[in-house]
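Visitor: Below is the structure I would like to discuss, written out as structure tokens.
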């Protein structure tokens, strides 16, 4: 097939969506498809040699207007070639398939309010958000993407996001294909993981018999670090440690941890280009997020055989069968519930059983399964266009 991929900046170092576009492009080229990338910026080293590039001039002006300009430029570029299928991954429209890996902006904005503990703070944030022109720009852009003809096929990575489409835009589930995100589980199949586990714990100053919870995120507030610290402070087991990986701006949380008497049980590592050793050295992942369409860090934990504690606001929770591979809390602000989940993970017997189930679950849904499901959608779209 002749396939067009539309994404503004394809730089894997920026995040999971960018990495996914690179992985998908490589696999499509390997399978003999002719793949064209429409983008303003890309990392050529991370992309296949046989890829065809179409540079879209970088949009200028206010940040909230740039997606509109990139979208219009994509439409113009797509009209110059005849593609079997075109896919848009972010704030674009006019493609045959739209795959919003970050979910809906309107749903993300709503869930962002949940991170505030006090209702009056949530209400104030709600009012301020509606004074932000970016909010309305992205809201109108989403309506243009999904509600204006010609209506696109939609791929989402969780049933949670599918429900958001129905709630916010009245889009029937029949128009949406749910394909959970996936990773290359072989990346976590290192034969020397026990050696790496020991060495990493030595660097942390944590003994081998301590229980280590791993938290990986860039947006600490949205991903629930503050309620996690509250819960950790109420857990009386001194052998439970928390290792935080991601954003280098963690001083505020470090001060909170000291105030709550748990500073000696935390390790803030900042950013890690390759966090696999952190997964190998941990005993379980904790990710009490307020919004994640389908968190890749949960998939990485499962592939590594780590049990998971997460929230119902994470689409990846749909891949779990609690308490088999881990536990799901309803509200990250429910400190007693989150603390009980942490205490359950301190049970070595439960953790062993959950680790085995996590590894099996991680192998049950791999990138190959995801790719084949996506290819079935692409083929369906190609046939429908040919018949039109």
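Residue numbers (full-length UniProt numbering): 1 to 388. All C-beta atoms, glycine included, are put in the ideal place defined by N, C-alpha and C. Computed from a predicted structure; not experimentally measured.
1) How far does the alpha helix (DSSP H) with residue 108 in it reach, from first residue to last?
2) Can you give me the Cβ contacts of residue 425 inside the same chain, cut-off strictly under 7 Å, excluding the 5 residues immediately before and after it?
3) Would DSSP call residue 147 helix, strand or coil?
4) Give a yes or no on contact between the stretch 189-200 and the stretch 159-172, applying the rule of three or more CB pairs nearer than 8 Å.
5) Does the Cβ of residue 384 have 16 or more other Cβ atoms within 10 Å, making it buried, or fewer, making it exposed?
6) Among 235, 94, 224, whose alpha-carbon lies nearest the alpha-carbon of residue 244?
7) Look at the alpha carbon of residue 133 and the alpha carbon of residue 229, and state the distance between them as a whole number of angstroms.
8) According to the neighbour-count rule (16 or more other Cβ atoms, all chains shown, within 10 Å of its Cβ), is residue 164 buried or exposed?
9) Can you give the Cα-Cα distance for residue 207 and residue 117, rounded to whole angstroms?
10) Name the two residues that bound the continuous beta strand (DSSP E) containing residue 362.
11) DSSP state of residue 81, grouped into three classes?
12) Pull the bridge partners of residue 339 from the DSSP assignment, please.
13) Thinking just about the alpha-carbon of each residue, which of 286, 307, 200 is nearest to the one in residue 277?
14) Taking residue 96 as the reference, give the member of 176, 19, 268 with the closest Cα.
15) For the UniProt domain "Glycosyl transferase family 1" (199-349), list the beta strand (DSSP E) runs that are entirely contained and at least 3 residues long, ordered along the chain.
16) Note the first and the last residue of the continuous beta strand (DSSP E) segment covering residue 52.
17) If contacts are defined as beta-carbon pairs under 8 Å, then residue 373 and residue 179 qualify, I think. What distance do you get, rounded to the angstrom?
18) Of all the options 13, 8, 259, 9, which has the alpha carbon lying nearest to the alpha carbon of residue 272?
19) Please tell me whether residue 296 and residue 181 are closer than 8 Å, where the distance is taken between their beta carbons.
20) Keeping to the same chain, check which residues put their C-beta closer than 8 Å to that of residue 23; ignore five residues upstream and five downstream.
21) Just to confirm my understanding: we take residue 138, look at its own chain, exclude 5 residues before and 5 after, and list those with CB closer than 6 Å. What are they?
22) Between residue 377 and residue 153, which are expected to be in contact by the criterion C-beta below 8 Å, what is the C-beta distance as a whole number of angstroms?
23) Please name the residue in 94, 160, 187 whose C-alpha comes closest to that of residue 148.
24) Assuming residue 56 and residue 73 make a contact with CB atoms under 8 Å, what is their CB distance in whole Å?
25) Which of the three DSSP states, helix, strand or coil, is assigned to residue 95?
26) Run through DSSP, which three-state label would residue 18 get?
27) Verify whether the separation of the beta carbon atoms of residue 281 and residue 262 is less than 8 Å.
28) Please list, in chain order, all residues of the same chain as residue 239 whose beta carbon is under 6 Å from its beta carbon, the five residues on each side excluded.
29) Check residue 39 in the structure and name its three-state DSSP category.
30) Could you give the DSSP three-state label for residue 2: helix, strand or coil?
Guide: In this structure, then:
1) Looking at the DSSP string, the run of the alpha helix (DSSP H) that includes residue 108 is 105-112.
2) Only positions 1 to 388 of the chain appear in the structure, and residue 425 is not among them; the question remains open.
3) helix
4) no
5) exposed
6) 224
7) The alpha-carbon atoms of residue 133 and residue 229 are separated by roughly 34 Å.
8) Residue burial annotation: residue 164 is buried, with at least 16 other C-beta atoms found within 10 angstroms of its C-beta.
9) In a straight line, the C-alpha of residue 207 is about 34 Å away from that of residue 117.
10) Segment 348-364 is the alpha helix (DSSP H) holding residue 362; no beta strand (DSSP E) there.
11) coil
12) Bridge partners of residue 339 according to DSSP: none are assigned.
13) Nearest C-alpha to residue 277 among 286, 307, 200: 200.
14) 176
15) 211-217, 240-246, 266-270, 284-287, 308-311, 326-329
16) 52-55
17) 5 Å
18) 13
19) yes
20) 184, 367
21) 105
22) Residue 377 to residue 153, Cβ: 7 Å. Contact.
23) For residue 148, the closest alpha carbon among the candidates 94, 160, 187 is that of 94.
24) Contact between residue 56 and residue 73 holds: CB atoms are separated by about 5 Å, below the 8 Å threshold.
25) coil
26) Helix at residue 18.
27) no
28) Correct list, in chain order: 210, 211.
29) strand
30) strand
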